[in-house]
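The sequence shown begins at 24 in our numbering and counts up by one. The beta carbon of each residue, even a glycine, is placed where N, CA and C say it ideally should be. For reference, the structure is listed below as structure tokens.
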Amino acid sequence: MAQGQGDYRILHEAALRDYLAGLPELKAVLGGEPARWTITEVGDGNLNLVFIVKGASGGVAVKQALPYVRLVGESWPLPLSRAHHEYLALSKQAQLAPGLVPALLHHNESLALTVMELLEPHIIMRKGLVAATQYPGFVGDISTFMARTLFFTSDLALTAAEKKEGIAAFAGNHALCKITEDLIFTDPYRIAEQNRWTAPYLDALAASLRDDMELHVAISRLKLKFMASPEALLHGDLHTGSIMVTDSQTRVIDPEFAFYGPMGFDVGAVLANLLMAYFASSGHERAPGGRAAFEAWVLETVEQVWNEFSRKFLDLWRAGAAGDAYPVSLFASEKGAARLEVERQTYMQRLFTDAVGFAAAKITRRIFGLAHNIDFELIEDSKKRAISEARAVRLARAMMVETGAFRTIADVTGAARKLRVWRPELSS
């Protein structure tokens, strides 16, 4: 359904109505007279326009890339090609993890516009977590999504030629990678114009990040791995604001940062956002019955996400990997099979170590960088917010600098649990 017609223009309500009315397949989905369609702009992200369009028969979601960072404005230009990379990523994810991404209905490359199924009654997962909502189906869905999209785009499943073609298809998304390289791996550790934090309470902590050379080395190693390790096709921005959920369904959205990079980056992003939800919980108003049950569920979910991802990834590998890495012919004997199993465990331990480090980087940037999480931002009392954030940052530093101390996911949740009651010293 990709199209390349016409020149780029920003489609506001009237123009979008006319455009959709000219597409018979979408007009049929919406139903009724186009003049009666409701069109609502709902984009609350940092980059794009997002519309919900509803007609007599149904609804669709429309996403159009802007030629600049929406959060900042025209002073920060961005290539529109990111919308096509997002379309390519969604198409591949739909193939590898069916039912876990929104259905694609239409794409126009020239307009940087994609039309997808309207996800209802799904909500952004981050909003649900702020409200202390538990999602029992999340672990199974997100672990399947990550295991299948990462494994089947890696050298374990692909020939070298197939893998290199995949890398080439996403190599042009370097402007979005540059955002990650700066906002996650560089800016929080230096004076940068767009940095912000909960001042004045975190002023000293922000300054300590800029003076911490062990931390600078650790984040630079992670940045190098991000830039130089094209292990698999990543979502590239897999946080709880890019996941829509109900009690029984999960849909992963917004893969415009997609590129070939280290698998631990996606896994770490999920773990980081759950850990931030855990630390932020103490700053929110108490829900009926308290938030203890929710916080216990979050830490249990952190553990289960890694354990289920690891189990499913290994199952895919054992089921008959056809990639050029670890050729089957080299491990055909009983002795070879046993040795390969040991190597699989070593591989997963290395992936886990990467995920721990990348999770730490994601936590730190959300507290001191440009774009913050509502998990913390919606804590109205700024001192309570700072306490929650300081706890998260203390864990993040340990995870990044003392990564070897975190051998299992239980080590991560155990450290988080201890820091949940730690009283940090704040600037005044």
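1) Would you mind working out which of 415, 85, 204, 66 sits nearest residue 441, comparing C-alpha positions?
2) Taking only three categories from DSSP, how would you classify residue 10?
3) Grab the span of the beta strand (DSSP E) containing residue 137 for me, first residue to last.
4) Assuming the contact rule is C-beta atoms closer than 8 Å, residue 297 and residue 321 should be a hit. Round their C-beta distance to whole Å, please.
5) Quick check on DSSP: helix, strand or coil for residue 216?
6) In whole angstroms, what is the alpha-carbon distance linking residue 404 and residue 306?
7) Quick one: Cα of residue 371 to Cα of residue 386, how far?
8) Rounded to whole angstroms, how far is the Cβ of residue 108 from the Cβ of residue 254, which I believe are closer than 8 Å?
9) Residue 44 lies in the alpha helix (DSSP H); which residues open and close that run?
10) Round the Cβ separation of residue 391 and residue 211 to the nearest angstrom and send it over; I've been treating them as touching at under 8 Å.
11) Can you list, in chain order, the residues of its chain whose CB lies under 6 Å from that of residue 300, leaving out five sequence neighbours each side?
12) Decide if residue 358 is buried, meaning its Cβ has at least 16 other Cβ atoms within 10 Å, or exposed.
13) To which residues of the same chain is residue 426 closer than 6 Å at the C-beta, ignoring the five residues directly before and after it?
14) Return the first residue and the last residue of the alpha helix (DSSP H) that residue 376 is part of.
15) On the DSSP letters alone, give me the boundaries of the alpha helix (DSSP H) that residue 330 sits inside.
16) Are the CB atoms of residue 289 and residue 258 within a distance shorter than 7 Å?
17) Classify residue 247 as buried or exposed, calling it buried when 16 or more other Cβ atoms lie within 10 Å of its own Cβ.
18) Per DSSP, residue 9 is paired with what?
19) Which partner residues does residue 88 have in the DSSP bridge list?
20) Use the C-beta contact count for residue 236: other C-beta atoms within 10 angstroms, 16 or more gives buried, fewer gives exposed.
21) For the putative contact between residue 129 and residue 138, defined by C-beta atoms under 8 Å, what is the C-beta separation to the nearest angstrom?
22) In this structure, does DSSP put residue 174 in helix, strand or coil?
23) Run through the region 213–264 for me and flag every whole beta strand (DSSP E) of 3 or more residues, listed as ranges in chain order.
24) Let me check understanding here. Comparing Cα to Cα, which of 86, 256, 60 lies closest to residue 66?
25) Straight-line CA distance for residue 13 to residue 314?
26) By DSSP, does residue 437 sit in helix, in strand, or in coil?
27) Over what stretch of residues does the beta strand (DSSP E) that includes residue 110 continue unbroken?
28) How long is the line joining the alpha carbons of residue 331 and residue 208, rounded to whole angstroms?
29) When the Cα atoms are used, what is the spatial distance from residue 432 to residue 163?
30) Between residue 329 and residue 363, how many whole angstroms is the CB-CB distance? I'm expecting something under 8 Å.
31) Using the C-alpha atoms, what's the distance from residue 373 back to residue 101?
32) Ignoring anything shorter than 4 residues, give me the alpha helix (DSSP H) runs that lie fully in the region 159–209, in order along the chain.
33) What residues in its chain sit with their C-beta under 8 Å from that of residue 53, if we drop five residues either side in the sequence?
34) Would you report the Cα separation of residue 35 and residue 340, rounded to the nearest angstrom?
35) In terms of residue numbering, what span does the beta strand (DSSP E) encompassing residue 127 cover?
36) Using the C-alpha atoms, what's the distance from residue 216 back to residue 96?
This is what the structure gives:
1) For the purposes of this step, residue 441 is taken as the residue at position 418 of the sequence shown. Of 415, 85, 204, 66, the residue nearest in Cα terms is 415.
2) A query on residue 10 cannot be resolved here, the shown segment of the chain reaching from 24 to 451 and no further.
3) Start at 1 with the first residue of the sequence shown, and residue 137 comes out as number 114. Unbroken beta strand (DSSP E) run through residue 137: 136–140.
4) Here residue 297 refers to the residue found at position 274 of the sequence shown. Here residue 321 refers to the residue found at position 298 of the sequence shown. Yes, residue 297 and residue 321 are in contact; Cβ-Cβ is about 6 Å, under 8 Å.
5) In the sequence shown, counting from the first residue as 1, residue 216 sits at position 193. Here residue 216 sits in coil by DSSP.
6) On the sequence shown, residue 404 is found 381 positions in, with the first residue counted as 1. On the sequence shown, residue 306 is found 283 positions in, with the first residue counted as 1. Near 8 Å, if we compare the C-alpha coordinates of residue 306 and residue 404.
7) Here residue 371 refers to the residue found at position 348 when the sequence shown is read from its first residue. Here residue 386 refers to the residue found at position 363 when the sequence shown is read from its first residue. Distance between the alpha carbons of residue 371 and residue 386: 22 Å.
8) Along the sequence shown, one-based indexing puts residue 108 at 85. Along the sequence shown, one-based indexing puts residue 254 at 231. Not confirmed; about 18 Å, so no contact.
9) The residue labelled residue 44 in the question sits at position 21 within the sequence shown. Per DSSP, residue 44 belongs to the alpha helix (DSSP H) from 36–44.
10) Here residue 391 refers to the residue found at position 368 when the sequence shown is read from its first residue. Here residue 211 refers to the residue found at position 188 when the sequence shown is read from its first residue. Residue 391 to residue 211, Cβ: 4 Å. Contact.
11) Within the sequence shown, numbered from 1, the residue matching residue 300 stands at position 277. Closer than 6 Å at Cβ, skipping near neighbours: 152, 321, 398.
12) Here the question's residue 358 lines up with position 335 in the sequence shown. Result: exposed.
13) As a working mapping, residue 426 is identified with position 403 in the sequence shown. So the qualifying residues of the chain are 376, 379, 380.
14) Counting from 1 along the sequence shown, the entry for residue 376 is found at position 353. 357–391 is the span of the alpha helix (DSSP H), which, as asked, contains residue 376.
15) Residue mapping note: residue 330 aligns to position 307 of the sequence shown, counting from 1. From DSSP, the alpha helix (DSSP H) with residue 330 extends over 315–341.
16) Position 235 of the sequence shown holds residue 258. Position 266 of the sequence shown holds residue 289. Yes, they are a contact pair.
17) As a position in the sequence shown, residue 247 is number 224, starting the count at 1. Result: exposed.
18) This structure leaves residue 9 out entirely; the chain is present only between 24 and 451.
19) As a working note, residue 88 is residue 65 in the sequence shown. In DSSP, residue 88 forms a bridge with 71.
20) For this step, residue 236 is matched to residue 213 along the sequence shown. Exposed.
21) Translated into the one-based positions of the sequence shown, residue 129 becomes position 106. Translated into the one-based positions of the sequence shown, residue 138 becomes position 115. With 8 Å as the limit, residue 129 and residue 138 qualify as a contact, their Cβ atoms being about 4 Å apart.
22) Along the sequence shown, one-based indexing puts residue 174 at 151. Residue state, collapsed to three classes: helix.
23) 255–257
24) One-based indexing of the sequence shown puts residue 66 at position 43. Cα-wise, what sits closest to residue 66 is 86.
25) Summary: the structure shown does not reach residue 13, with the chain confined to residues 24 through 451, and so no result is reported for it.
26) By one-based count along the sequence shown, residue 437 stands at place 414. Three-state result, residue 437: helix.
27) Taking the first residue of the sequence shown as position 1, residue 110 is located at position 87. No beta strand (DSSP E) contains residue 110, which is instead part of the alpha helix (DSSP H) from 105–119.
28) The residue you call residue 331 lines up with position 308 of the sequence shown. The residue you call residue 208 lines up with position 185 of the sequence shown. When rounded, the distance between both Cα atoms is 28 Å.
29) Here residue 432 is taken as the residue at index 409 of the sequence shown, counted from 1. Here residue 163 is taken as the residue at index 140 of the sequence shown, counted from 1. Those two C-alpha atoms are separated by around 17 Å.
30) Indexing the sequence shown from 1 puts residue 329 at position 306. Indexing the sequence shown from 1 puts residue 363 at position 340. About 22 Å separates the two Cβ atoms, so there is no contact after all.
31) If you number the sequence shown from 1, residue 101 lands on position 78. If you number the sequence shown from 1, residue 373 lands on position 350. In a straight line, the C-alpha of residue 101 is about 34 Å away from that of residue 373.
32) 161–174, 183–193, 197–206
33) Sequence index remark: in the sequence shown, residue 53 carries index 30 (1-based). The answer, listed in chain order, is 43, 60, 76, 77, 78, 79, 80, 81, 82, 83.
34) Numbered from 1 along the sequence shown, position 12 holds the residue referred to as residue 35. Numbered from 1 along the sequence shown, position 317 holds the residue referred to as residue 340. Those two C-alpha atoms are separated by around 47 Å.
35) Position 104 of the sequence shown, counting from 1, holds the residue named residue 127. That run of the beta strand (DSSP E) goes 127–131.
36) For this step, residue 96 is matched to residue 73 along the sequence shown. For this step, residue 216 is matched to residue 193 along the sequence shown. C-alpha separation (whole angstroms): 15 Å.
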